[in-house]
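*Asks:* Count along the sequence shown from 1, then add 71; that gives the number in our numbering.
Yeah, the Cβ is synthetic: ideal placement off N, Cα and C, and Gly gets one too.
Below: one structure in structure tokens.
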Amino acid sequence: MDLGIATRPKRGQSINGDAYFVGEYDGKVLLAVIDGVGHGEEANCAARRAIAFLENYRQPGLETLIQGCHRELQGTRGVVISLALMNKGNSTLSHAGIGNIESRIITEDNRMVHLISMNGVIGHNLRKVKEFQYPYHPGDTMVMFSDGISSRFMTDLVREGIPSPLNPLVDLPAVAQRILEKHSKDDDATVLLARLW
Ligand SMILES: [Mn+2]
72 MDLGIATRPK RGQSINGDAY FVGEYDGKVL LAVIDGVGHG EEANCAARRA IAFLENYRQP
132 GLETLIQGCH RELQGTRGVV ISLALMNKGN STLSHAGIGN IESRIITEDN RMVHLISMNG
192 VIGHNLRKVK EFQYPYHPGD TMVMFSDGIS SRFMTDLVRE GIPSPLNPLV DLPAVAQRIL
252 EKHSKDDDAT VLLARLW
């Protein structure tokens, strides 16, 4: 899968409270961006627990995954998460999010689809979990980012188109790195770009 991921801890911190995950399960790809509440050691610990849970899970139904993660993270700082499962068999993206990780699909004809997340913090307060289905076209680009990245970069991407993730030749790791350098705030910061296929 064509991916671009850039992440770094808050300034002055040696460890990152943000994390990401990419896993493949027979024809499906699971993508996740996670932000441990706060920063530093305890945020990192919560994020790593969430990743370990995702790694050991083999039959991903997103609501079940989030519920399981919530149980697993009791007693930690907690995390916010965006989970997307790309099913190339029917060109559908399933998505479930808790908290303020932002997720969008940028379509090849330059529309932006906002993926819906519910309020809450996994490990602390989880009320409603809801999974939504989004049809996509191969070549569309999935974007996920934590609140350490200013969402203004989306406007820049669409307006400047330089380098647009819509261009199939574009180097997604370089775009992700550029977004991190230009648009991150004083927090742990993560951006994940994935070409859907
Ligand atoms: Mn954050």
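Does DSSP put M157 in a helix, in a strand, or in coil?
*Replies:* strand
*Asks:* Taking 8 Å as the threshold (C-beta atoms), are D89 and I105 in contact?
*Replies:* yes
*Asks:* Leaving out five residues before and five after A103 in sequence, what residues of the same chain have Cβ atoms less than 7 Å from its Cβ?
*Replies:* Y91, F92, L125, I152, S153, L154
*Asks:* Tell me whether D257 counts as near ligand 1, meaning its Cβ is closer than 7 Å to at least one heavy atom of that ligand.
*Replies:* no
*Asks:* Nearest to I187 by alpha carbon, out of L267, I172, N161, T178?
*Replies:* I172
*Asks:* To the nearest angstrom, how far is it from the Cα of D180 to the Cα of N161?
*Replies:* 20 Å
*Asks:* Exposed or buried, what is L190 when buried is set at 16 or more other beta-carbons lying within 10 Å of its beta-carbon?
*Replies:* Just to set this straight, residue 190 is Asn in the shown sequence, not Leu. Answer is exposed; the Cβ neighbour count stays below 16.
*Asks:* Tell me, which residues are paired with S188 by DSSP?
*Replies:* For S188, which the question treats as bridged, DSSP gives no partner whatsoever.
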